[in-house]
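To convert a position in the sequence shown, counted from 1, into the working numbering, add 6.
Before any comments, here is the structure.
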Amino acid sequence: MKRPQALGEGLGLLFFERDFEDDSKVLGCKAPCGPRSEVQRQLLRSDEGCRQRSRRVLFSRRGDCRGRIVNGPFQVYDRKRCFAPGCDHPERNPCALTGPPTSTAMKPIVKYWLFLLAVVLIMFSVILGSFLASWYHLSGEEQQYFESLSDKLVPYPILGAITLCLIIGGLVSLLFHFYIIPILRLGEETKLISIANPEHRIEPKGAKEVVQLAHVINESAEAYQKLQTEVREQIDKARAELHAERNRLAALMSELPNGVLVCNTDGLVLLYNTQAQKLLQQPDKLVGLGRSIFAVLDREPIIHGLDVLQNAVRNGQKAPTTHFVMTVHDNLSLRVNMAPVFDERSDQVRISGFVLAMEDMTGQLSAELQRDALFQTLTEAMRYSTGEIRSAILTILSSSEIHPDELNNQRQIIDRASEALEEQLLYAKDEYARHLVAPSKTENILAADLLELIRRHMRERLHMPIKGEAIADLWLRTGSYTVLQGISQLTGQLQKHPDLAGIEIRIREFTEQFAALEIHWSGCRLDIREIKRWQRRPLIRDARDRMVSVVEVIERAGGQVQPIPADAELCEGVMVTLSKADPETHFEEQNGPEHRPIYYEFDLFHQPGWQEMGQMELRKLTYVVFDTETTGLSPSEGDEIIQIGAVRIVNGRILYDETIDQLVDPRRHLPQTSIAIHGIQPEMLRGQPTIETVLPQFHHFCEGSVLVAHNAAFDMKFLQMKEELTGLKFDHPVIDTLLLSWVASPHQDDHNLDAIAKRFGIPIVGRHTALGDALVTAEVLVKLIALLESKGINTLEEVLMASAASPFNKLKF
């Protein structure tokens, strides 16, 4: 949504209060401090582990009403201490935290009037001084003579003075227009070229000398860009081998069946692969770079494992490992192998992080529980049946002359008990084989691909054409290698029959959960007993180093192997039932604008995890850059959010895979004027989640981050309007790239997003879409950080103080 220009008085930068009030009321002054925009508040906090040591800063937008720090879980500026001019409050002590507000460059218009006033005052002071000196050197008669002529002499000097002032003002205006202002802009654009965008070129404006200087700077910029290009090419060439190694590592890790996480000792995630994300990520628990692992896994087992590794290192072990099982939630249990990462920069052996390799044990643990339950049930059943059998036998043995009817009755008891025992044993055997043994490694495979593998293998063995047919887009869940090995043994059986004329293979639907693999042969028939022997023949070793047959492997996956009989003793084929795969689990859609097989940021190994956010360097902070599209420009009059887009920045790197791009049903009419800007049609919003659902997800996505937006007051007002409805508070520190652009380049005319992106050479894709604008704003922020550092603004606190002085910090919605 297009943002309005900075007009009027109102919403502040750092924290947005609900009520607008005079600073004298907020700060408790006896003398009024003058009307202000609303009080701004900033919550400076680090990640989840150190929130109790965070601080909240409260100060007015102009920075002249300040206070001291008080104790408590959140340290707050004392509202009772005011340092505004004219305040007679008795407790007036210096500010304990940050000192005076950051000074900013004087505006050219202010310089112009000060310069003009100084020139006029100096000139008239000299003239007036000369006149007074001459006057006091005249005699009394001469003074009286001049006084008699004053009515004729005075008007013309005054008129001349006014004319002279106008001439001087015009000359000073020309001086500023053609020299001063162009030179100021020349300096800003030169810094822009040297720091942020080497491709930027200055448009020559101003006097001839300034234009010539601009041409010289542009020529130097060409040489600088050429030199930078050559240096960059050399650096890229030197890093090519390292990048190739990283890509190979990324490809290998992305294919690992286990989830892998690398964290620093504070628990911040430095690397994770897609399997780890699949295992751990939940709607309210996100896995991401720079996020705390303790948000998704219990702290105690990991801390204990880290202590075990530390003790092992102190005892001289060079490659210690530990492992444990932990339950993430009701439906997921993990076996976790933990290994240390050592700090190579330290002379001593010191652990700087750890690696977690995670395997889903839910199925195996469930199978073991079911197996234990089966054993217990079987034991009880066997004890009852054998008790009946033993009782009947004892009755027979204890009676030397037992009546024939009683003897027959005891025999029936023994028969029933033994039959029940046999049924129980058969049931236990079937259950153990079908469900209670941990499954072998299986994968999803298309029926057509499995058919082609079998056809190729049998064709090479039998040297004859193999017909085949499979249902398109039918996915199977099976161990293709095991099935192929079993078919290979069957092919060996068929090779012994010289009358074999041909083979046809079909894969068809069988039931809702199973498909049927049918192998028919012609020209010969096999004895069913031969097929039974093939089914029982040992095929592979399982995880317990026990030889298992093809039928056991198939049955473990829930399938069956059956001969296709031609008559009572011979068969003309076999049918193998295979499990179908869930069609939603073949591939996962990649929603991000760019796909990477693994996600890593190793600079976080040395992240100051317990340092207060306000004192952290800008490059070390974690940001969430966001944008909203709305039904209009007036949140207070009922306009609603219809789209939220956001992207994370960690250690100065934009994480294109960690984004939010969500449409929102506003439950109100969408004006045509709004549609003309963002292009979102009403039908696109039908069925989308409402803001009550989306906002908590966005709030969780922003956890532990600094919020960034262009014209942030507009977006924050919409979020604030929903805080009471959702029970959430967006008390994060907020940075506005509109204000930062002015801080970095105060003499530029235009600070809208398109103009800033153009100055930085950033291509704009997807303008007026929430995610598209958020991505452009993120790239702008990365460039602005470099410019701010060149001006000595290095920390979040310094940025917030400098932004508070911006003339654009006066927005009201």
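Ideal Cβ positions, reconstructed from N, Cα and C, are used throughout, including at glycine.
Checklist entry - Is His-835 helix, strand or coil when you go by DSSP? => result What is shown of the chain runs 7 to 819, which leaves residue 835 out entirely.
Next on the checklist: Using C-beta distances below 7 Å, list every residue in its chain close to Leu-221, excluding the 5 sequence neighbours before and after it, in chain order.
Outcome noted: Against the sequence shown, residue 221 aligns to sequence position 215. The identity of residue 221 in the sequence shown is His, whereas the question assumes Leu. Once the five neighbours on either side are set aside, the close Cβ partners of His-221 are Pro-210.
Checklist entry - At which residue ranges does the stretch 692–745 contain complete beta strand (DSSP E) runs of 3 or more residues, listed in the order of the chain? => result 712–715 and 740–742
Checklist entry - With distances taken between CB atoms, is the gap from Gly-175 to Arg-654 smaller than 8 Å? => result Along the sequence shown, one-based indexing puts residue 175 at 169. Along the sequence shown, one-based indexing puts residue 654 at 648. Cβ distance not < 8 Å, so Gly-175 and Arg-654 don't count as in contact.
Next on the checklist: Please report the straight-line C-alpha distance between Met-581 and Gln-568, rounded to a whole angstrom.
Outcome noted: Start at 1 with the first residue of the sequence shown, and residue 581 comes out as number 575. Start at 1 with the first residue of the sequence shown, and residue 568 comes out as number 562. So the two alpha carbons sit approximately 5 Å from each other.
Checklist entry - Near Glu-215, what residues of its chain come up, given a Cβ to Cβ distance below 6 Å and the 5 sequence neighbours on each side ignored? => result Walking along the sequence shown from the start, residue 215 turns up at place 209. Nothing meets the Cβ criterion.
Checklist entry - If Gly-265 and Leu-285 are in contact, beta carbons under 8 Å, what's the gap, nearest whole angstrom? => result On the sequence shown, position 259 is the one that residue 265 refers to. On the sequence shown, position 279 is the one that residue 285 refers to. Rounded, the Cβ-Cβ distance is 5 Å, consistent with contact.
Checklist entry - If you check the beta carbons only, do Val-670 and Pro-695 fall under 8 Å apart? => result Sequence index remark: in the sequence shown, residue 670 carries index 664 (1-based). Sequence index remark: in the sequence shown, residue 695 carries index 689 (1-based). Yes.
Next on the checklist: Just to confirm the assignment, what range does the alpha helix (DSSP H) spanning Tyr-162 have?
Outcome noted: By 1-based counting over the sequence shown, the position of residue 162 is 156. 161–181 is the extent of the alpha helix (DSSP H) around Tyr-162.
Checklist entry - What's the gap between the Cα of Pro-504 and the Cα of Ser-486? => result Stepping through the sequence shown from its first residue, residue 504 is reached at position 498. Stepping through the sequence shown from its first residue, residue 486 is reached at position 480. Taking the straight line joining both Cα atoms gives about 29 Å.
Next on the checklist: Which residue wins for smallest C-alpha separation from Gln-201, given the options Val-557, Leu-790 and Ser-809?
Outcome noted: For the purposes of this step, residue 201 is taken as residue 195 along the sequence shown, with counting starting at 1. The amino acid at residue 201 is misidentified as Gln; the sequence shows Ile. The candidate whose alpha carbon is nearest that of Ile-201 is Leu-790.
Checklist entry - Among all the DSSP beta bridges, which residues are the ones paired with Trp-481? => result Indexing the sequence shown from 1 puts residue 481 at position 475. DSSP, once it has assigned bridges, lists Leu-452 as partnering Trp-481.
Checklist entry - CB-CB under 6 Å to Asp-53, same chain, minus the five flanking residues each way: which ones, in chain order? => result Position 47 of the sequence shown, counted from the first residue, corresponds to residue 53. A caution first: Asp-53 carries a pLDDT of 38, below 50, which makes its placement in the model unreliable, though a value can still be read off. Ser-298 and Gly-710, listed in sequence order.
Checklist entry - Does DSSP put Glu-386 in a helix, a strand or coil? => result Against the sequence shown, residue 386 aligns to sequence position 380. Here Glu-386 sits in helix by DSSP.
Checklist entry - How is Val-132 classed by DSSP in three states: helix, strand or coil? => result For the purposes of this step, residue 132 is identified with residue 126 of the sequence shown, where counting begins at 1. In this structure, Val-132 counts as helix in the three-state DSSP scheme.
Next on the checklist: Considering Cα atoms alone, identify which of Thr-401, Leu-701, Ile-770 and Gln-491 is closest to Ile-666.
Outcome noted: Here residue 666 is taken as the residue at index 660 of the sequence shown, counted from 1. Among Thr-401, Leu-701, Ile-770 and Gln-491, the Cα nearest to that of Ile-666 belongs to Leu-701.
Next on the checklist: My assumption, with CB atoms under 8 Å, is that Ile-511 sits in contact with Ile-472. Please give the rounded CB distance.
Outcome noted: As a working mapping, residue 511 is identified with position 505 in the sequence shown. As a working mapping, residue 472 is identified with position 466 in the sequence shown. About 7 Å; that satisfies the 8 Å criterion.
Item to check | Pick from Glu-578, Ser-339, Lys-324 and Ala-434 that is closest to Leu-384, judged by C-alpha positions | outcome: Counting from 1 along the sequence shown, the entry for residue 384 is found at position 378. When only C-alpha atoms are compared, the closest one is Ala-434.
Item to check | Residue from Met-344, Asp-304 and Thr-333 with nearest C-alpha to Ala-318 | outcome: Walking along the sequence shown from the start, residue 318 turns up at place 312. Answer by Cα proximity: Met-344.
Checklist entry - Is the stretch 714–725 close to the stretch 679–696, with three or more CB pairs under 8 Å? => result no
Checklist entry - Between the C-alpha atoms of Arg-377 and Gln-370, what's the straight-line distance to the nearest angstrom? => result Residue 377 sits at position 371 when you count from the first residue of the sequence shown. Residue 370 sits at position 364 when you count from the first residue of the sequence shown. Taking the straight line joining both Cα atoms gives about 10 Å.
Next on the checklist: Under 8 Å: do the stretch 177–195 and the stretch 774–784 share three or more Cβ pairs, one atom per stretch?
Outcome noted: no
Item to check | Local conformation of Phe-516 per DSSP, three classes | outcome: Translated into the one-based positions of the sequence shown, residue 516 becomes position 510. Note: Phe-516 maps to coil in three-state DSSP.
Item to check | Check whether Phe-814 and Leu-744 have beta carbons under 8 Å apart | outcome: Taking the first residue of the sequence shown as position 1, residue 814 is located at position 808. Taking the first residue of the sequence shown as position 1, residue 744 is located at position 738. Going by C-beta atoms, Phe-814 is nearer than 8 Å to Leu-744.
Checklist entry - CB Thr-801 to CB Gln-621, shorter than 8 Å? => result The residue given as residue 801 occupies position 795 in the sequence shown. The residue given as residue 621 occupies position 615 in the sequence shown. Yes, these two residues count as a Cβ contact at 8 Å.
Checklist entry - Of the residues Met-364, Gly-733 and Ile-419, which one's Cα is nearest the Cα of Gln-281? => result For the purposes of this step, residue 281 is identified with residue 275 of the sequence shown, where counting begins at 1. Closest by alpha carbon: Met-364.
Checklist entry - Roughly how many angstroms separate the alpha carbons of Asp-313 and Ile-357, rounded to a whole number? => result In the sequence shown, the residue the question calls residue 313 occupies position 307. In the sequence shown, the residue the question calls residue 357 occupies position 351. For Asp-313 and Ile-357, the gap between their C-alpha atoms comes out near 11 Å.
Next on the checklist: Using a Cβ-Cβ cutoff of less than 8 Å, which residues in the same chain neighbour Pro-326 once the five nearest sequence positions on both sides are dropped?
Outcome noted: Stepping through the sequence shown from its first residue, residue 326 is reached at position 320. Here the set comprises Val-314, Leu-315, Ala-318, Val-319, Ala-345 and Pro-346.
Item to check | Under 8 Å between C-beta atoms of Ile-513 and Leu-457 | outcome: Stepping through the sequence shown from its first residue, residue 513 is reached at position 507. Stepping through the sequence shown from its first residue, residue 457 is reached at position 451. Contact flag set, yes.
Checklist entry - Any idea if Gly-322 is buried or exposed, counting beta-carbon neighbours within 10 angstroms, 16 or more meaning buried? => result Stepping through the sequence shown from its first residue, residue 322 is reached at position 316. When all chains shown are included, Gly-322 counts as exposed.
Checklist entry - Does the beta-carbon distance from Ile-1 to His-526 come in below 8 Å? => result Since the first residue of the chain shown is 7 and the last is 819, residue 1 is not available in this structure.
Checklist entry - Thinking C-alpha only, which one of Arg-389, Ser-747 and Trp-119 is nearest Cys-171? => result Looking up residue 171 in the sequence shown gives position 165. Across the set Arg-389, Ser-747 and Trp-119, the C-alpha of Trp-119 shows the shortest separation from the C-alpha of Cys-171.
Next on the checklist: Taking 8 Å as the threshold (C-beta atoms), are Glu-578 and Arg-531 in contact?
Outcome noted: For the purposes of this step, residue 531 is taken as residue 525 along the sequence shown, with counting starting at 1. For the purposes of this step, residue 578 is taken as residue 572 along the sequence shown, with counting starting at 1. Contact flag set, yes.
Next on the checklist: Ignoring anything shorter than 4 residues, give me the alpha helix (DSSP H) runs that lie fully in the stretch 299–377, in order along the chain.
Outcome noted: Listed in chain order, they are 305–320.
Checklist entry - Could you give the C-beta distance for Arg-820 and Gln-416, rounded to a whole number, given that I count them as a contact under 8 Å? => result Look at the range of the chain in this structure, 7 to 819, and you will see that residue 820 is not part of it.
Checklist entry - Across which residues does DSSP place Thr-555 in a beta bridge pair? => result Here the question's residue 555 lines up with position 549 in the sequence shown. The identity of residue 555 in the sequence shown is Ser, whereas the question assumes Thr. DSSP lists Pro-544 as partners of Ser-555.
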